[in-house]
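*Asks:* If you read the sequence shown in this note's numbering, its first letter stands for residue -5, the second for the next number, and so on.
Heads up, the beta-carbon is just placed ideally off N, CA and C, and yes, glycines get one too.
Predicted model, so just to flag it, every value in this text is computed and none were measured.
Below is a structure I'd like to ask you about.
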Amino acid sequence: MTSKKNESNMTPTQKYKFLFESLYKLCEEMKWGDPMSYARSREILIAGTLGHKIANTLSGADAIDEDGECEYKSTISTSINGSYNGISV
C-alpha cells in the first residue's frame, strides 16, 4: 500500500484505489462490515459524526446512542422517495 506521503504524486485512479483499500482495511479492523454494502459507509460516517457507537451488524440498528438503537435514513437525491416499514433488506 502507498504511504500518505506519496498521495500527492498519485493519479486520480491510483488515489481512488489507495483510499478504497484503506477504507476496507479500516472497516475490517474495526469489524464494521463492508463499507460498500447498501449505505453502510454513510451509516459509519453519521454515527461517527454524532458520537454514536457503530453497530456490528448490517441488519437492525445502524448505531447505538445513550438512548438505545438508532436507525439512520439518508439519500443522495434532492428529496426522499419511499417509505420505511421497519423491515431490513
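Between the region 47 to 54 and the region 12 to 30, do three or more beta carbon pairs fall short of 8 Å?
*Replies:* Segments in contact, yes.
*Asks:* Using C-beta distances below 8 Å, list every residue in its chain close to lysine 47, excluding the 5 sequence neighbours before and after it, in chain order.
*Replies:* Ala41, Ala57, Ile58, Asp59
*Asks:* So what's alanine 41 in DSSP terms, helix, strand or just coil?
*Replies:* helix
*Asks:* Among all the DSSP beta bridges, which residues are the ones paired with alanine 57?
*Replies:* Ile48, Cys64
*Asks:* Assuming the contact rule is C-beta atoms closer than 8 Å, lysine 9 and glutamate 1 should be a hit. Round their C-beta distance to whole Å, please.
*Replies:* In this structure lysine 9 is in contact with glutamate 1, their Cβ atoms being roughly 6 Å apart against a cut-off of 8 Å.
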